[in-house]
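**Student:** I'd like to ask you about the structure that follows.
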Amino acid sequence: MTNNYWNQQYNRYSRISIEDAMSIALSQIPGEIKKVELDTENGRLVYEVDVVTRQGIEYEMEIDAQTGRITKLKRD
Numbered sequence: 062m063t064n065n066y067w068n069q070q071y072n073r074y075s076r077i078s079i080e081d082a083m084s085i086a087l088s089q090i091p092g093e094i095k096k097v098e099l100d101t102e103n104g105r106l107v108y109e110v111d112v113v114t115r116q117g118i119e120y121e122m123e124i125d126a127q128t129g130r131i132t133k134l135k136r137d
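Each number in this note's numbering comes from the position in the sequence shown (counting from 1) with 61 added on.
Written as structure tokens, this is what we have:
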């Protein structure tokens with residue numbers, strides 16, 4: 062219940078939707094999205110997105126929830 066409450070509060074302050082974040086992630090790394098979460102990083106709202114390519118390579122990505130800019134991209 063608490064996580065749902067905070068996610069709803071965070072969503073009020075994000076400019077891009079979770080669907081937009083997923084589209085941004087897949088435009089950078091085509092594959093299948095395994096996880097999307099809205100969180101804070103250094104005081105800013107970010108979507109944390111995990112993507113797995115067809116070859117099985119996993120990527121972690123952070124997308125700024127205000128601008129839609131990818132702020133972190135890491136291959137696992």
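In this text, a Cβ means the ideal position worked out from N, Cα and C, and glycines have one as well.
From the DSSP secondary-structure annotation, give me the bridge partner or partners of R136.
**Tutor:** By one-based count along the sequence shown, residue 136 stands at place 75. Bridge partners of R136: Y120.
**Student:** Starting from I79, trace the beta strand (DSSP E) both ways and give me its first and last residue.
**Tutor:** Working through the sequence shown from its first residue, we reach residue 79 at position 18. Not the beta strand (DSSP E): I79 falls in the alpha helix (DSSP H), residues 79-89.
**Student:** Let me make sure I understand the geometry here. Which of D111, R115, K95 has the alpha-carbon closest to that of I131?
**Tutor:** If you number the sequence shown from 1, residue 131 lands on position 70. Nearest option by C-alpha distance: D111.
**Student:** Take the Cβ of E123 as the centre, count every other Cβ of all protein chains shown within 10 Å, and call the residue buried at 16 or more, exposed below.
**Tutor:** Taking the sequence shown and counting its residues from 1, the one referred to as residue 123 is at position 62. E123 should be labelled buried.
**Student:** Closest to E102 by CA distance: which of S78, D125, P91, R136 is it?
**Tutor:** Residue 102 sits at position 41 when you count from the first residue of the sequence shown. It is D125.
**Student:** By how many angstroms is the C-alpha of A82 removed from the C-alpha of K144?
**Tutor:** Residue 144 is absent from the structure shown; the chain starts at 62 and stops at 137.
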